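So the structure is just underneath, and the comments pick up after that.
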Amino acid sequence: MKTLKITFRQLWKRRLFTLLNIVGLSIGISSCWIIYQIVSYEFSYDKNLPNKEHIYKVISAMSKDGELNRMGGVSAPLYQGIQDEVDGVKNVVPVFAEGYNRLEIKSAKGENYVKEDPQNIIKTNSSYFKMLPYQWIAGDKSSALKNKENVVLSASRAKEYFPNIPYDQIINQTITYYGNDTIQRTVSGIVQDYPVPSEFTAKEFITLIDKTYEGYTWSNTNGSDKLYLEFENNAPLSSILNQINALSDKHIPDEIKEKIKKFNASKTYEFRQVNELHFATDIDDYGISKTSKKIMYILIGIGGFLLLLACINYINMSMAQIPQRNKEISVRKTLGSSQKNLIFQFLTETLITTSIAAILAIFLIQFGFWLLKDIIPEGVSANYFSLKYLAFLITVTSIITLVSGLYPSFLITKVKTIDVLKNKFSGASSAKKFTLQKALIVFQFVIAFVFIVCTIIVGSQLRYTIQGDLGFKKDAIILLNIPWRYMRDSQYDGRKNTLVNQLTKNAGIEKVSLGSNPLSDGYSSSPFEIANESDASKQVTLYKKEIDTAYLDLYKMTLVAGNNISYSDTVNQFIINESAAKEFGFQNPEDALGKQLNQMGNPKFQIVGIVKDFHTQDFYSEIQPMVMMASGKYTNQINIKLNSHDPSSWQKTIAAIETEYKQFYPASTFSYKFYDEMLADLYKQERQINKLINLATVITILISCLGLFGLTTLTVYQRTKEIGIRKVLGSNVAGIVTLLSKDYVKLIGIAGVIASPIAYWAMSKWLEDFAYRIDISWWIFLVAGLIAIGIALLTISYQALKAAFANPVDSLRDE
């Protein structure tokens with residue numbers, strides 16, 4: 001109790017330093033907890049899945065001209081083939097995502113429940129529930145998906161579709177699904193929602209019916225058809241994989257094999273363990289949440305550095321107070337306190353300071369979650385009233401107490417009482433005593449300098465990607481989708497064209513065009529071939545885009561040769577981009593005009609125009625060869641260019657568009673997006689990284705400045721009499737400030753020299769992933785250095801000016 005009383009008295013006596021220490025540590029602790037919650041969440045995907053080390057996803061690996069692409073989908077008939085012809089597999093689990101226009105449930109009272117565009121519906125078999133540990137609420141697990149007319153619901157869907165009805169009474173209820181075909185399914189089971197986070201997000205499970213597939217379907221790959229295999233212990237995976245690839249090769253027709261070979265392409269299957277899938281960013285996986293493990297390690301590094309900087313700050317602040325506590329320690333030694341007792345007291349001070357910081361961190365955590373709400377995954381919560389947080393606090397507090405408290409407490413107890421009483425101690429007997437402090441300041445500003453450089457470069461690259469020349473205009477354009485179900489329904493034929501004609505009459509609309517997917521989408525590609533003058537043919541894989549005659553003009557795209565296409569419901573002309581012309585061997589775009597081009601197995605049509613290259617994907621990818629064609633049948637997206645001269649009227653115009661849309665498609669939800677916002681979303685992860693680096697930079701600079709403030713305080717205390725003498729001899733305020741600042745400017749200069757190659761290497765590695773990127777210029781490092789020095793001088797200036805304006809009589813009184 002006596003030790004605690006003395007501790008609190010000392011903390012209050014030096015309350016400014018105590019407050020600075022608490023703030024620095026609380027920032028470090030809260031930052032670490034937020035990062036820990038994010039990282040632990042991302043690494044917890046499917047952690048509760050039993051036997052996960054023996055569950056694998058089948059991946060399609062497709063190669064073209066040596067370039068390998070992986071997809072999470074497979075050929076639809078593959079699961080049946082494995083069931084029938086491959087040995088050594090415990091469970092074959094197809095997970096085929098199914099899309100329906102709507103579903104309908106009729107109640108006994110005659111009231112109908114209708115849901116438009118239901119999501120998270122899959123077709124699968126009974127093996128799905130053998131592989132995944134769902135908890136059954138109602139129904140028989142063993143037979144729930146045996147009948148081809150059955151559907152199993154998750155608890156959340158059961159409550160949504162059948163509110164206020166007991167689960168056991170929902171069994172045998174009927175749901176009608178409307179899509180390509182209309183089907184009725186009987187509810188045969190209800191399961192608890194699968195715990196998140198997980199790769200498996202389905203809410204409705206319809207029986208997948210085995211059927212006979214055409215031979216060509218074995219060569220197709222559907223991204224929404226996924227396949228998982230569960231194996232016994234010690235199963236010969238390589239042998240089983242060889243069987244699967246041999247099975248696929250056996251069923252693909254010979255004529256398709258020849259075409260694939262002709263285009264120097266291949267397709268094989270691979271296995272990927274299920275607990276690796278969340279970080280498998282090399283796999284194009286429709287509907288699956290993924291994140292980069294590299295980013296997780298960066299987050300861990302940032303969290304570790306911020307906590308380390310907080311500890312360094314505490315050490316610096318503690319060492320800065322050594323001269324002020326010399327007499328206190330000497331008196332206590334004289335009164336009989338041992339070195340062990342003194343170390344215990346200083347560690348107690350550190351523990352109490354850290355504990356208060358941990359309590360304050362709760363409020364900072366809440367603020368941090370609000371500040372980073374667009375970065376933090378949806379399933380992550382602050383969760384600071386939990387045993388997990390308590391264990392985290394105990395661990396972090398113990399580490400901080402030992403790391404931050406041991407060295408300063410040991411150093412301060414080494415002060416010799418006789419030197420203090422003779423007034424010989426000025427905080428250090430030699431400059432070497434402060435080498436560690438200066439090294440720590442340099443280390444802090446190395447980290448700060450690196451973060452400042454990263455902030456500038458990441459921000460510049462993002463501005464370049466979002467604001468750079470894409471080869472088309474993106475501003476004031478909204479995209480409006482026509483649901484595919486209406487494209488398949490004959491009663492809606494022609495409605496989209498009539499809607500477009502109606503929209504063009506609106507004064508708030510500049511132009512309207514029909515197209516397929518947005519320009520920025522990775523839409524489908526196919527092999528095309530062209531005959532040149534020597535009648536030899538050359539094959540090139542081209543990305544495809546269906547457009548109408550207004551498309552190029554709406555996006556202000558430039559034709560470098562030829563003319564626009566003519567309107568047609570079916571393909572009869574082609575426009576290719578400059579990259580495609582070069583791939584076909586035409587160095588001059590004019591030479592490609594009039595050439596006959598055809599998609600493999602389809603009729604040949606004439607190339608009528610060459611469009612200037614434009615970015616069809618993000619800046620990570622090079623511009624791909626592309627073909628554009630008129631095909632009204634497949635244009636399901638309306639591109640609307642708003643009157644950009646009057647942005648204030650846009651919402652009124654959009655409301656009018658919705659009214660028109662509802663007249664043509666009354667049962668469909670009206671939904672639109674601004675195209676420039678969609679393009680910005682391509683770099684959502686990069687913007688999140690940028691925001692995180694910006695925040696880490698601010699925190700690093702703040703903590704570094706707290707440490708610098710402590711070291712400045714120490715220096716001013718040590719040199720008080722020297723400053724007084726200089727002022728008596730005629731030094732002015734500027735001279736005193738320069739005297740106290742120059743050493744720290746040197747330290748920051750050293751930090752800049754050390755940090756520059758580190759920052760250059762890190763940012764060069766990051767920029768390597770972009771096909772189109774900025775150059776790292778020398779001015780970036782100059783600006784970073786000026787920012788670091790400017791902030792440091794502002795930090796130093798308070799104590800420096802205070803010393804410069806002090807009365808020299810006060811500092812010389814003891815002499």
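At position 426 of the sequence shown the residue is numbered 426 (full-length UniProt numbering), and the sequence of numbers has no breaks.
All C-beta atoms in this analysis are idealised placements derived from N, C-alpha and C, irrespective of residue type, glycine included.
This one's a predicted model, so the numbers in the text were calculated from it and none came from an experiment.
Who are the near neighbours of residue i in its chain, counting only those whose CB is closer than 7 Å to its CB and skipping five residues on each side?
i	result
residue 457	763, 776, 780
residue 44	197
residue 621	771
residue 660	499, 502, 503
residue 195	48
residue 297	none
Can you tell me whether residue i is buried or exposed, with buried defined as 16 or more other CB within 10 angstroms of its CB?
i	result
residue 567	exposed
residue 589	buried
residue 579	buried
residue 625	buried
residue 641	buried
residue 152	buried
residue 645	exposed
residue 562	buried
residue 667	exposed
residue 433	With a pLDDT of 48 at residue 433, under the threshold of 50, the modelled position of this residue cannot be trusted; read the value that follows with caution. Its Cβ having fewer than 16 others within 10 Å, residue 433 is exposed.
residue 399	exposed
residue 359	exposed
residue 9	exposed
residue 719	buried
residue 164	exposed
residue 363	exposed
Answer yes or no: do residue i and residue j have a C-beta to C-beta separation smaller than 8 Å?
i	j	result
residue 303	residue 36	yes
residue 627	residue 544	yes
residue 791	residue 725	no
residue 114	residue 104	yes
residue 504	residue 525	no
residue 74	residue 299	no
residue 528	residue 572	no
residue 748	residue 454	no
residue 127	residue 93	yes
residue 132	residue 205	no
residue 767	residue 466	no
residue 656	residue 506	yes
residue 24	residue 703	yes
residue 169	residue 187	no
residue 614	residue 470	yes
residue 410	residue 312	no
residue 675	residue 478	yes
residue 787	residue 441	no
residue 710	residue 17	yes
Grab me the residues of residue i's own chain with a C-beta within less than 6 Å of its C-beta, minus the 5 sequence neighbours each way, in chain order.
i	result
residue 207	145, 148, 150
residue 90	230, 231, 232
residue 12	none
residue 70	59, 61, 282, 283
residue 535	Caution is warranted here: a pLDDT of 48 is assigned to residue 535, below 50, making its placement in the model unreliable, and the coordinate value is therefore given only provisionally. Hits under 6 Å: none found.
residue 430	Residue placement at residue 430 cannot be trusted, given a pLDDT of 40 that sits under 50; the coordinates are not used to answer.
residue 480	638, 672
Leaving aside the five residues before and after residue i along the sequence, list all residues of the same chain whose C-beta is less than 8 Å from its C-beta, in chain order.
i	result
residue 800	712, 716, 736, 737, 740, 741
residue 86	240, 243, 244, 247
residue 782	none
What are the complete beta strand (DSSP E) segments, minimum 3 residues, inside the region 621-648? 626-630, 637-642
Sequence ranges, beta strand (DSSP E) only - wholly within the region 256-315, length at least 3: With a minimum length of 3 residues, the continuous beta strand (DSSP E) runs that stay inside the region 256-315 are 265-273.
contact_flag[the region 539-554, the region 270-285] where n(CB pairs < 8 Å) is 3 or more: no
Three or more C-beta pairs below 8 Å linking the region 574-592 and the region 610-625: Contact check between the region 574-592 and the region 610-625: three or more CB pairs, one atom from each, fall below 8 Å, which counts as touching.
Count Cβ pairs between the region 51-67 and the region 380-398 that sit closer than 8 Å; are there 3 or more? no
Report yes or no: do three or more beta-carbon pairs, one from the region 287-295 and one from the region 555-565, lie closer than 8 Å? no
Taking 8 Å as the cut-off, does the region 348-361 touch the region 396-412 (at least 3 CB pairs, one atom from each stretch)? yes
Give the list of continuous alpha helix (DSSP H) stretches no shorter than 4 residues that lie fully inside the region 439-485. Counting only runs of 4 or more, we get nothing.
Any chance you could list the beta strand (DSSP E) runs of at least 3 consecutive residues sitting entirely within the region 170-233, in chain order? 174-178, 182-191, 204-207, 225-231
List in chain order: all unbroken alpha helix (DSSP H) runs of 4+ residues lying wholly within the region 668-737. 675-681, 684-718, 720-728
Write down every uninterrupted run of the beta strand (DSSP E) in the region 494-522 whose length is 3 residues or greater and which is fully enclosed by it, in chain order. Here the runs fully enclosed are 509-515.
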